[in-house]
Every structure is written in C-alpha cells, then in structure tokens.
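S.K.: Just so we're aligned: the sequence shown equals residues 3 to 413 in the numbering used here.
Ideal placement from N, C-alpha and C gives every residue a C-beta, glycine not left out.
Keep in mind it's a predicted model, so treat the numbers as computed, not measured.
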Amino acid sequence: MLFKNLYIENAAEAMDIRVTDGKFEKIAANLEALPGEEVVDCGGKLALPPVIESHVHLDTCLTAGRPRWNMSGTLFEGIQCWEEYKPFLTKQEVKDRVNKAIRMQASNGIQHVRTHVDINDPKLTAMEALLELRDEVKDFMDIQIVAFPQYGILSYPKGKELLEDALKMGADAAGAIPHFEFTREYSVESLNICFELAQKYNKLIDVHCDEIDDEASRGLETVATRAYETGMRDMVTASHTTAMHSYNNAYVIRLMRILKMSGMNFVANPCVNVHLGGRADTYPKRRSMTRVKELTAEGINVSFGYDDIFDPWNPLGNGNMRDPVFMGLYAGHMLGYDEICNSYKFVTTNAARTLHLGDAYGIKEGNAANFVVFDAKNWYDALNYDVSVLYSYRNGKLVAETKPKETTVHY
Ligand code: FE2
Numbered sequence: 003m004l005f006k007n008l009y010i011e012n013a014a015e016a017m018d019i020r021v022t023d024g025k026f027e028k029i030a031a032n033l034e035a036l037p038g039e040e041v042v043d044c045g046g047k048l049a050l051p052p053v054i055e056s057h058v059h060l061d062t063c064l065t066a067g068r069p070r071w072n073m074s075g076t077l078f079e080g081i082q083c084w085e086e087y088k089p090f091l092t093k094q095e096v097k098d099r100v101n102k103a104i105r106m107q108a109s110n111g112i113q114h115v116r117t118h119v120d121i122n123d124p125k126l127t128a129m130e131a132l133l134e135l136r137d138e139v140k141d142f143m144d145i146q147i148v149a150f151p152q153y154g155i156l157s158y159p160k161g162k163e164l165l166e167d168a169l170k171m172g173a174d175a176a177g178a179i180p181h182f183e184f185t186r187e188y189s190v191e192s193l194n195i196c197f198e199l200a201q202k203y204n205k206l207i208d209v210h211c212d213e214i215d216d217e218a219s220r221g222l223e224t225v226a227t228r229a230y231e232t233g234m235r236d237m238v239t240a241s242h243t244t245a246m247h248s249y250n251n252a253y254v255i256r257l258m259r260i261l262k263m264s265g266m267n268f269v270a271n272p273c274v275n276v277h278l279g280g281r282a283d284t285y286p287k288r289r290s291m292t293r294v295k296e297l298t299a300e301g302i303n304v305s306f307g308y309d310d311i312f313d314p315w316n317p318l319g320n321g322n323m324r325d326p327v328f329m330g331l332y333a334g335h336m337l338g339y340d341e342i343c344n345s346y347k348f349v350t351t352n353a354a355r356t357l358h359l360g361d362a363y364g365i366k367e368g369n370a371a372n373f374v375v376f377d378a379k380n381w382y383d384a385l386n387y388d389v390s391v392l393y394s395y396r397n398g399k400l401v402a403e404t405k406p407k408e409t410t411v412h413y
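So, in structure tokens, the structure goes:
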C-alpha cells in the first residue's frame, strides 16, 4: 500500500510511504506504485506518529453532573461528587463509559493512553474493569494502567496492600500521591513504598506529585532522588508538579540539578491545572502549571495530558489532545514561532518517552505502520484551526477516519 504526498512532522518536503505487512517498508520522495499496489493520495497533508494521551483518569470520565454538578469547580468538591457517584460503580458501568471515551480518543488520532485508576477501593472494581478493557481494545488502542492511590498509600486503610494487589493483578505502573498523605513523613515513606513495589514487580512509576499550590510541597525532590539512586530513571514520571509553579527560584535552581540527573519524565495537565489551581488565591491568581518552559529548556522530557474528561474535576473535555496543547502554550508563555511548531511533541514523541515506548514508536522504516494524517499541511495550522484527524492507521489498518469539515460563508 502506498501513501502519497505527506509532510512528516516538520519536514519541508513531501514524502511517500510504502506500507507492507503492517510495517513502514520505505519512506522516500516520489515512490512509484508497484503493479497492482493500492495508492492513497494524501494531498500534501501532515503526518504524525499516533497521538498519545499520557495522563488521564478514564475510570472517572463522562460522569460530570452525576449524581450532581461540581458547582464550585474546586478539587475538593470534585472529590465529594466522586464519593457520591462511587456507589453506582460496577465493572460493566465503568467499562461502558471508558469504551465511549476511548472511541472519542481514537477519533482524535490517539492510539496510546496512560490512565490512572483509583485503587483506594477494597473491591478494586475500576481496576478490574480497566484490565479487562485493556485486552479487549488492544487492536486499536494501547492502554497503560497506573495503580493510583487517590487518598494515599499510608493515609488510607490497607493502601499499601491495595497498591501491591493492583500491581499483581497486572497494572503497568505504580502510583503515589505524596502531597495528599497526612504528614511529610508519610509522604516520603509512601514514595519509598512505591519505588520498592515497582522494583519488586518490574513496573513503571507515575506519581501524582505536588498537585497543590503549597510551595512547601516537595515530594518532587524525593521522587527525583529515588529515580536517580535506584537507576529507574526514565521509567519514572512525575505528574502535575504544580507546586513547582510556586517554588522560589533559588530552590528551583538547586532542584533542577537532581531533576536533570534523574532522567525522569514530567507530565503537565494544562487545562485541569489552570482550572483547579489558584483556588486559594484572591488576586493575583496563580495559573498553577508546572514550569514547562524551563524544564524543556533544560532538556528534561515533558508531555501533556488531559487529566479529566467531562468528570467532577473538569466539566468540559472531549479527549482531543489539541486542547491541552493549546492551553499549555498560552499558560506557559510558549507561543514563540518555534514553540508552536514543535508543540505537537508534547502529545507525540515526548509522550512516547513518558510511556517508555522506546524505538518502536515513530514514523520510520521497519516500525509498525502507525500514523495519523491531519487536515492541514503543518502542525501550526492543525493547531490553530483545530482541524480533524482525517485518518488514523495502525499496523497499516485504518482505525478511524473523519471527513473534512466544510463551511460556506454566503457573503
Ligand atoms: Fe491526575
């Protein structure tokens, strides 16, 4: 199968792509069709490797307004709404919602998702549902599951045991939430447990780290130090790190050294961080996104997530990763021309590093033929005009397609 006339990532020249047996066989300009070969003319559109959602809570998605709306919009009322919803959770109910959300994601070119799943539930209902779904949807979506202790490892009854159970059941990564533990001592000890269990079961780590406007919340330095000392390095991710927005600069200069040494990844969730952050402020109100620009400048890997899709913590959202990129560029003062052009990496190549996908990810000869085609010539236009993903291919098979939007202005 031959795909003609595609601009791959930021390439200046259009390329053709030959796919054989589900793999990229040849990528070059002006490839001639072989006798009988199927040809798809892509008309000079942008091709990217599959879009990646590197931080979302699928177990809570599509529950906004049920049983009631979060009227204040705060994190804490969100938790209260979720508690009121929990009695309605069954394995099938979770699977039905998540199935819907995954298809919304697929329609936007997503083929890899890292989801956090609340394990502070003695029955681990949502974890069971997600583990089953991970297998059921694997032909069109890779789901990576983080065992996420929403209320803490040490500050919730049997939190450590539940984390270990979830890892034994098959979760891909261990989570922690140091800023939510009762004490600073619990915070550090919870991270020690997280690392110990991840190493015991050979899992990745993704910590909800310092998701609070408290500048004294310093779980990050412990996560980075453990990532460095254990050698787990890029198997470790710190999500949110919104307190870093509020740290004093002298501390950040000192902190940056161990962050670089650690080799770990960061995930910012621009829409939800801006929405939930700064809530204890009068004016000025902090925007509460971690220091994406500075981390990126230091060569540290940062990707973007949606975090919440139409749930008690975010009443909006459709899973389209254009939204966090758009918000992230504004909130992070990153609207320089090159920053805009390169911003697709927050939800593609950088996110692939976060998910630890390795060399198997990317549009290159020998890899699985996984790619998406946007209805624009370049990412700048794709982002600016919020264009559709025309095609999403996986192993050379069409996973999703969208007809281009067409509007006529009659004046
Ligand atoms: Fe989160």
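Tell me whether Gly154 counts as near the ligand FE2, meaning its Cβ is closer than 8 Å to at least one heavy atom of that ligand.
M.R.: Answer for Gly154: no, Cβ out of range of the ligand FE2.
S.K.: Taking the Cβ atom as the reference point for each residue, do Asn271 and Val304 lie within a distance shorter than 9 Å?
M.R.: It is not a contact, given that the beta carbons lie outside the stated cut-off.
S.K.: Beta-carbon separation of Ala66 and Ile121 under 9 Å?
M.R.: No, they are not a contact pair.
S.K.: Taking DSSP as the reference, what is the three-state secondary structure of Ala30?
M.R.: Strand.
S.K.: Could you check which residue in Ala49, Ser264, Phe5, Arg220 has the C-alpha nearest to that of Tyr382?
M.R.: Among Ala49, Ser264, Phe5, Arg220, the Cα nearest to that of Tyr382 belongs to Ala49.
S.K.: Exposed or buried, Phe208, counting other C-beta atoms within 10 Å across all chains shown (16 or more means buried)?
M.R.: It should be pointed out that residue 208 corresponds to Asp in this sequence rather than to Phe. Its Cβ being crowded by 16 or more others within 10 Å, Asp208 is buried.
S.K.: If you follow the alpha helix (DSSP H) that Ser189 is part of, which residue opens it and which one closes it?
M.R.: Residues 186-202.
S.K.: According to DSSP, is Lys287 part of a helix, a strand, or is it coil?
M.R.: Coil at Lys287, not helix or strand.
S.K.: Looking at Asp310 and the ligand FE2, is the gap between the Cβ and the nearest heavy atom below 8 Å?
M.R.: Yes, the beta carbon of Asp310 sits closer than 8 Å to at least one heavy atom of the ligand FE2.
S.K.: What is the DSSP secondary structure of Lys6, counted as helix, strand or coil?
M.R.: The answer is strand: DSSP assigns Lys6 an E or B state.
S.K.: Is there at least one non-hydrogen atom of the ligand FE2 closer than 8 Å to the beta-carbon of His412?
M.R.: Incorrect: His412 has no Cβ contact closer than 8 Å to the ligand FE2.
S.K.: What distance in whole Å lies between the Cβ atoms of Leu222 and Cys211, which are believed to be in contact at a cut-off of 8 Å?
M.R.: That belief holds up - the Cβ atoms of Cys211 and Leu222 are roughly 5 Å apart, short of 8 Å.
S.K.: According to the Cβ coordinates, are Asn414 and Asn397 closer than 9 Å?
M.R.: Here the chain has residues from 3 to 413 only, and residue 414 is not among them.
S.K.: Taking the DSSP output, what are the residues bridged to Leu94?
M.R.: At residue 94 the sequence reads Gln, which differs from the Leu that was named. None, per the DSSP bridge assignment.
S.K.: Ordered along the chain, which non-local residues of its own chain (more than five positions away) have a Cβ less than 6 Å from that of Leu77?
M.R.: Result list for Leu77: Leu278, in chain order.
S.K.: Rounded to whole angstroms, what's the CA-CA distance from Tyr363 to Ala354? Just pull it up for me.
M.R.: Rounded to whole angstroms, Tyr363 to Ala354 spans 7 Å at the Cα level.
S.K.: Which residue's Cα is closest to the Cα of Phe306: Gly321, Pro314, Glu300, Trp315?
M.R.: For Phe306, the nearest C-alpha among the options comes from Gly321.
S.K.: Under a three-way DSSP split, which group does Tyr249 fall into?
M.R.: Coil, per DSSP.
S.K.: Restricting to Cα atoms, I'd like to know which of Gly154, Glu217, Tyr203 is closest to Glu191.
M.R.: For the residues Gly154, Glu217, Tyr203, the minimum Cα distance to Glu191 belongs to Gly154.
S.K.: Do the CB positions of Leu297 and Ser345 come within less than 9 Å of each other?
M.R.: No; because the gap between Cβ atoms is not below 9 Å, this pair is not in contact.
S.K.: With Arg68 as the anchor, note down where its beta strand (DSSP E) starts and where it stops.
M.R.: Per DSSP, Arg68 belongs to no beta strand (DSSP E) and is neither H nor E.
S.K.: Which residues bound the alpha helix (DSSP H) around Lys47?
M.R.: Unbroken run through Lys47 is the beta strand (DSSP E), 41-50; no alpha helix (DSSP H).
S.K.: Which stretch, first to last residue, makes up the alpha helix (DSSP H) that contains Leu206?
M.R.: From DSSP, Leu206 is part of no alpha helix (DSSP H) but of the beta strand (DSSP E) over 206-211.
S.K.: Got a sec: does the ligand FE2 put a non-hydrogen atom nearer than 8 Å to the Cβ of Glu213?
M.R.: Flag set: Cβ of Glu213 near the ligand FE2.
S.K.: Could you tell me if Ser390 is buried or exposed, where buried requires 16 or more neighbouring beta carbons within 10 angstroms of its beta carbon?
M.R.: Under this definition Ser390 is a buried residue.
S.K.: If you draw a straight line from the alpha carbon of Tyr230 to that of Asp283, how long is it in whole angstroms?
M.R.: In a straight line, the C-alpha of Tyr230 is about 35 Å away from that of Asp283.
S.K.: With hydrogens ignored, establish whether the beta-carbon of His210 is closer than 8 Å to any heavy atom of the ligand FE2.
M.R.: Yes, Cβ of His210 sits closer than 8 Å to a heavy atom of the ligand FE2.
S.K.: Consult DSSP for Asn17 and reduce its assignment to one of helix, strand or coil.
M.R.: Going by the sequence as given, residue 17 is Met instead of Asn. Residue state, collapsed to three classes: strand.
S.K.: DSSP state of Asp61, grouped into three classes?
M.R.: Looking at Asp61 - three-state DSSP - the assignment turns out to be helix.
S.K.: Distance check for Asn204 and Asp61, CA to CA, integer angstroms please.
M.R.: Using only the alpha carbons, I get a separation of about 24 Å.
S.K.: May I have the straight-line CA-CA distance separating Thr351 from Glu130, to the nearest angstrom?
M.R.: Their Cα atoms are separated by approximately 30 Å.
S.K.: Return the bridge partner residues of Lys160 from the DSSP annotation.
M.R.: In DSSP, Lys160 forms no bridge with anything.
S.K.: Apart from the five residues just before and just after Leu318, which ones in its own chain have a Cβ nearer than 7 Å to its Cβ?
M.R.: Answer for Leu318: Phe312, listed in chain order.
S.K.: Over the uninterrupted alpha helix (DSSP H) stretch that includes Leu337, give me the two end residues.
M.R.: Run containing Leu337: none; DSSP gives neither H nor E here.
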